[in-house]
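Beneath this line is the structure, given in structure tokens, with notes to follow.
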Amino acid sequence: MATSKVEGSSSLRHAFGGVLSVFILLLIGVVAFSIRLFSVIKYESVIHEFDPYFNYRVTQFLSKNGIYDFWNWFDDRTWYPLGRVIGGTVYPGLTLTAGTMWKLANSLNIPLSVETVCVFTAPIFSAFAAWATYLLTKEVKGTGAGITAAAILAMVPSYISRSVAGSYDNEAVAIFALIFTFYLYIKTLNTGSLFYATLNSLAYFYMVCSWGGYTFIINLIPMHVLLCIVTGRYSSRLYIAYAPLVVLGTLLAALVPVVGFNAVMTSEHFGSFLVFIIIHVVALVYYIKGILTPRLFKVATTLVLTVGIAVCAVVVAILVALVASSPTKGWSGRSLSLLDPTYASKYIPIIASVSEHQPPTWPSYFMDINVLAFLVPAGIVACFLPLSDASSFAVLYLVTSVYFSGVMVRLMLVLAPAACIMSGIALSEAFGVLTRSMKFHITKYFECSHTEAPAKLGESTSTESSAPLENMTKSDTTEKPEVARKEKVARRKQKKEKELTENAHVKPVSAKKEKRPLVLPLEASIVSVFLLIVLGGLYVLHCVWAAAEAYSAPSIVLTSHSHDGLHVFDDFREAYAWLRHNTEVDDKVASWWDYGYQTTAMANRTVIVDNNTWNNTHIATVGTAMSSPEKAAWEIFNSLDVKYVLVVFGGLVGYPSDDINKFLWMVRIGGGVFPHIKEADYLKDGQYRVDAQATHTMLNCLMYKLSYYRFVETDGKGFDRVRRYEIGKKHFKLTHFEEVFTTHHWMVRIYKLKPQKNRIRGKSRKSKLGSKSTSSKSGGMTHKNPWN
Amino acid sequence: MECRLPFSLVVFCLVILSSTVRSELVISSVEKFVDLHSHIVRVVSFLKVENQGPYDVSEFVLAFPDAQAKNLATMLVIYLEEGKIIYSEFPINSTKPKLKQSNMTFYPVTLPKKLEKGKTAGLDVYVVLTNLLKPLPKEITQAESQLLVYTDNIYYTSPYHIRNQSIVFRLPGRIESYSEYSEMRLVESELRYGPFEEQPPFSYSPVVVHFENNNSFAVASNFVQEIEISHWGNVQVTEQYTIIHGGAHLKNGFSRIDYQANPSMSGASSFRTLVARLPPMSHSVYYRDEIGNISTSHLRGDSQGTQLEMELRFPMFGGWKISFSIGYSLPLHDFLFESDAGNNVLNITFGSSIEEIVVENQIVRVVLPQGSKDISVKSRFTTKKSQELKYSHLDIVGRPVVVLEKDNVVPEHKRYFQVYIYYKFNNIFLLGKAMMLILGIFLLFLICILYMHADLALSKTSSWEEETEGRK
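Protein chains in written order, with full-length UniProt numbering: chain Y, 1 to 788; chain E, 1 to 472.
And the structure:
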């Protein structure tokens, strides 16, 4: 009678809790979505930065021409004259997702533009990511931790920086895919269900479609599997979680054109295959162990080991030989720079020149994950109490992502979910312990006043207490691996605590608990809860501030607050609009590669290089042209059929990320391919400067001239507000270029190549061209221009 | 000095028009004012017509050289009799003579009241012409002013005998050069030729005025206006413009330093802002182009109307092009009325909301609510009309769209002509979509409930976990 009453009340409580958690999750989704709308409210609904413009353009193409044309799309607007096969070189996940969303809305006659869908894709998927985090953390440490982690992830600044409305980049959907894949892996590991294993491969497929970061998954999961095997946690569930993922996942990954045979041919994937072999060997060993007597098993082990080592040695030798035979040792440049942080800056200036490929600084950790940095260690401790397959995975995920984020600031994004999960666990555990002890004290106070038996109190707390405490006490008794497994089963069935498989196992626990109730003093727990709430409040404040102030700027529109109000710098779009409307459709525009995507998307003009830095030589050609004197630059550009040259100049208004500040990279990248460009020629005593002290080469290169042409006439002195000094060469004329457009704040300047002087028509022209090329060769610069 | 039209042509014309000319109308006096202040040429002619024939006359013929007739945007004729204004607008029905040699276009005007013999009546003809001002030189640098040439007939082109006439050019500023005639006067910026006495029909003598005009030469090569009617009480107007600076082309590139250092001197021929006059009570105004919002604009509103001052992304120089779109919402009750027959009458103003702009091709798409029937359009001028369907906001059968297309639209179209669209609409359709949404959400919940209660498992102990546990 009494038990049924308790059961009834508890089921009601569970139902209420279920509804409440659904409601909380819904609110978390709303928070995740709306905190990312600061950019739309403060600025406008517009695509941000550089790469999103390319994705937007691809989505436009997809929505206009359909999926089949998309796969076959050869884009002749970029990398002129090479072009680019977009369908085969792009991760299609994001584009297909937004395209599908757009199509769905349009089929329901909801008039949404492609741009609107693209702008809001990232916030929508942030909500999904928060829910996926809930699921993952729930598998690791229970519902409470799940909800806490989801709430933390919904507003972690690191993730916000990549997923505000308008930042339509691969990471926007990839983080969701990453977390969801991990969730399904853990789910499969916990249930051993083949259904989840299949879903896991599909989620992995979506991740492969979305982001190059999928290699993180395909290396982390094998690492975890290996860890489980090494620590003696092998089970058939582990096998089901891993083997289908490798087989199905690799097959599916190979379907994505951009990955293709890389899924089996590059070293990033070799780890997974190795572990695949190992898990099979281990499975075989476990099977044989089951059917053989211990003595026979020993004999078999020695036999297999000797043969196995020999075979392994051969295989490893072959692998090493294969890997060593490829020039980059089978690793792509970006992945190599992960393993060896100095690799990129040593060998690939084009990778090193991207700011997001630099290692992060300590303040950026605090900026991006804030208080989570302090909560993470607590979370790790909580994960070890007790260590299950799932929690060991969480720890492993955190540790590896910490390492990777230390290598490349961009991968801070991968760290964020791990940090959120850990902090969620830590906070939830802390709250659990504190509130339980508060409850214990309060109930004791009431019970004492009602003079009831303390024995009953112990029982009631044991039924009411949630799993972690029980686990904590139980962990003392877990010595044999078998017990660990049973304990896992028990943890999965938290809801039915009373139906624990072995009553005998529970009894000592409750007995123990009565002796050592693991409670803190009431005052201490109240203060601690208060402090934790303050900590959470600080975190929320920081996140809102970061979302509103730090990460919402679309970077194509700049604003500044001055005494007479808000000032808007809309120069980029001014220039792109001018190019779009006042140049011929087939004109080629040369600029540094940063502005390639924007030029093709916003101005709809053909560019020479863009942000997809796949051809180093081509970029080096543009870099060489920019660092050459006017005449040589004109020849390079003319041979590339360029009609307009676009430079970004911040000297008038103090916009620091302009081409003069990026110029050293142009020199380095150009010099890497064309050795006549030497970095030393542009540096005065090892210092980069454009004032009167600057070198002759620097003051005569095209970039300097195009940036500062007639700049001195603005204030009479030529004071550069970014560099904070007067420029070196003030009065000069352009001989081979003419200014055709400069934006309102001079941030973008567009020049046109002057037509060749005294052009001779007909036969004589050919001979002239011929003589020119030979003369340039005789000048000793044979490697000057690859397009001649 | 005077050169007549080829004699044969005059004869042809006379033969063709014999029926009307036979009536022996004589124009006793004409005063023609040509306003050259903007790139739209506005010509007002005050005519006094005398009937000297034996019959009453009900028709008067206006004649224009083809060069003008081709660019004639609109014409307004006011008929005055004995000082009494009989205001009337005449639709332009061009009756072109079938003769190929003729370079004249004739517009017969049916008089509202017959002109009795011996009587005199006044006729004010207001003509708006476009594309007649030619830049000379065709290319100028940023620092130069824009010079335009206007060519016209010094005599009033008419199939009637004219006793006394004069022509006045009103100019915006400096005059570079002009045709010399004995009877001429230049007072400030007004150039007057005449009076000329007793000229036979189709007298012709060219007059050329070369003058400075730096007013904004905005030509919308393409203008699409979409007016979406919602019977919930809102009209959403979207206007898409492609605007070209139709004046002298810019040569030698654009220099920002010159433009900024002395804006009045440099770039005089360019324009940076356009002003749109939106109807009163306009709200939710936006101004953007295909790459996002254009942040440089000012909105001022009063009871007379709302003024949107748009600064373009870049200053427009000769030959430059830009495109953008503006949109705004209006209360429905200002535009929709109910006719006696139970029809809804939609009253729309044709033409661009931007001031002083020539629209080469305008398309107006009026999106009526879903379920509208019996649609008819009434307008005072000829437009190409067609109908199509548009699907938006959860439509099922689609909204009927009335498409009106017209070339060469000037601000006068907006001022003087209204377009009326009649249609029938049952207000019960308004609830349709709300019901649809309610039903949809209801079905969603129903499916959820059914799914939660249905047991789709094949066996009760399907879980592999439980089976293995059971074995233990």
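Cβ coordinates follow ideal geometry from the N, Cα and C atoms, glycine included.
Have a look at residue i and residue j and give me their C-alpha separation to the nearest angstrom.
i              : j              : result
residue 169(Y) : residue 86(Y)  : 16 Å
residue 418(Y) : residue 231(Y) : 22 Å
residue 452(E) : residue 22(Y)  : 15 Å
residue 419(E) : residue 350(E) : 7 Å
residue 14(Y)  : residue 137(Y) : 19 Å
residue 115(E) : residue 176(E) : 44 Å
residue 174(E) : residue 694(Y) : 51 Å
residue 318(E) : residue 146(E) : 9 Å
residue 313(Y) : residue 281(Y) : 15 Å
residue 452(Y) : residue 388(Y) : With a pLDDT of 47 at residue 452(Y), under the threshold of 50, the modelled position of this residue cannot be trusted, and the question is left open.
residue 582(Y) : residue 320(E) : 6 Å
residue 53(Y)  : residue 29(Y)  : 26 Å
residue 103(E) : residue 47(Y)  : 55 Å
Nearest to residue i by alpha carbon, out of the options?
i              : options                        : result
residue 233(E) : 333(E), 180(E), 30(E)          : 333(E)
residue 34(E)  : 26(E), 44(E), 25(E)            : 44(E)
residue 362(E) : 118(E), 148(E), 411(E), 29(E)  : 411(E)
residue 156(E) : 307(E), 270(E), 63(E), 448(E)  : 63(E)
residue 399(E) : 336(E), 425(E), 220(E)         : 425(E)
residue 78(Y)  : 595(Y), 729(Y), 222(Y)         : 595(Y)
residue 380(Y) : 186(Y), 427(Y), 730(Y)         : 427(Y)
residue 274(E) : 105(E), 303(E), 57(E), 312(E)  : 312(E)
residue 292(E) : 676(Y), 554(Y), 634(Y), 27(Y)  : 554(Y)
residue 656(Y) : 722(Y), 697(Y), 712(Y), 185(Y) : 722(Y)
Is the beta carbon of residue i less than 8 Å from the beta carbon of residue j?
i              : j              : result
residue 142(E) : residue 267(E) : yes
residue 429(E) : residue 370(E) : yes
residue 138(E) : residue 148(E) : no
residue 421(Y) : residue 149(Y) : yes
residue 172(Y) : residue 125(Y) : yes
residue 126(E) : residue 76(E)  : yes
residue 649(Y) : residue 590(Y) : no
residue 430(Y) : residue 532(Y) : yes
residue 245(E) : residue 217(E) : yes
residue 25(Y)  : residue 131(Y) : yes
residue 101(Y) : residue 90(Y)  : no
residue 276(E) : residue 354(E) : yes
residue 122(E) : residue 47(E)  : yes
At a threshold of 7 Å, does residue i count as lining the ligand NAP (C-beta to nearest heavy atom)?
i              : result
residue 186(E) : In the structure on display, the ligand NAP does not appear, and there are no ligands present to speak of.
Worksheet entry | Residues of the region 217-246 of chain E with Cβ closer than 7 Å to any Cβ of chain Y, in chain order | none
Discussion item. Please list, in chain order, the residues of the region 96-113 of chain Y that have any C-beta partner in chain E closer than 7 Å.
Written reply: 108, 109, 110, 111
Worksheet item: Taking Cβ-Cβ distances below 9 Å as the criterion, which residues of the region 285-297 of chain E are in contact with chain Y?
Response: 288, 289, 290, 291, 292, 293, 294, 295, 296
Worksheet entry | Members of the region 374-394 of chain Y that neighbour chain E once the beta carbon cut-off is set at 8 Å | none
Worksheet item: Would the region 12-19 of chain Y and the region 516-536 of chain Y be scored as touching if the rule is three or more Cβ pairs under 8 Å?
Response: no
Worksheet item: Using 8 Å as the threshold, is the region 406-420 of chain Y in touch with the region 346-365 of chain Y, meaning 3 or more CB pairs across them?
Response: yes
Worksheet item: Would you call the region 235-243 of chain E and the region 312-325 of chain E in contact, with 3 or more CB pairs under 8 Å?
Response: yes
Discussion item. Against chain Y, which members of the region 50-78 of chain E pass a CB distance test of less than 9 Å?
Written reply: none
Worksheet item: Quick one: any contact between the region 67-76 of chain Y and the region 614-621 of chain Y, if contact means 3 or more CB pairs under 8 Å?
Response: no
Item to complete: Taking 8 Å as the threshold, find out whether the region 652-666 of chain Y comes into contact with the region 629-641 of chain Y through three or more Cβ pairs.
Response: no
Worksheet item: Which residues, in order along the region 318-336 of chain E, keep a beta-carbon less than 7 Å from a beta-carbon of chain Y?
Response: 320, 321, 322, 323
Discussion item. Along the region 434-451 of chain E, where does the CB come closer than 7 Å to a CB of chain Y? Name the residues.
Written reply: none
Worksheet item: At a Cβ cut of 7 Å, what residues of the region 568-600 of chain Y count as close to chain E, listed as they run along the chain?
Response: 568, 570, 573, 574, 576, 577, 578, 581, 582
Worksheet item: If contact means a Cβ-Cβ distance below 7 Å, which residues of the region 693-720 of chain Y contact chain E?
Response: 710, 713, 714
Discussion item. Along the region 379-405 of chain E, where does the CB come closer than 7 Å to a CB of chain Y? Name the residues.
Written reply: 391, 392, 393, 394, 395
Discussion item. Taking 8 Å as the cut-off, does the region 668-688 of chain Y touch the region 600-607 of chain Y (at least 3 CB pairs, one atom from each stretch)?
Written reply: no
Worksheet item: Is the region 172-186 of chain Y in contact with the region 116-133 of chain Y, if contact means three or more CB pairs nearer than 8 Å?
Response: yes
Fill in: Interfacial residues, the region 733-749 of chain Y to chain E, with Cβ spacing under 7 Å
738, 739, 740, 741, 742, 746
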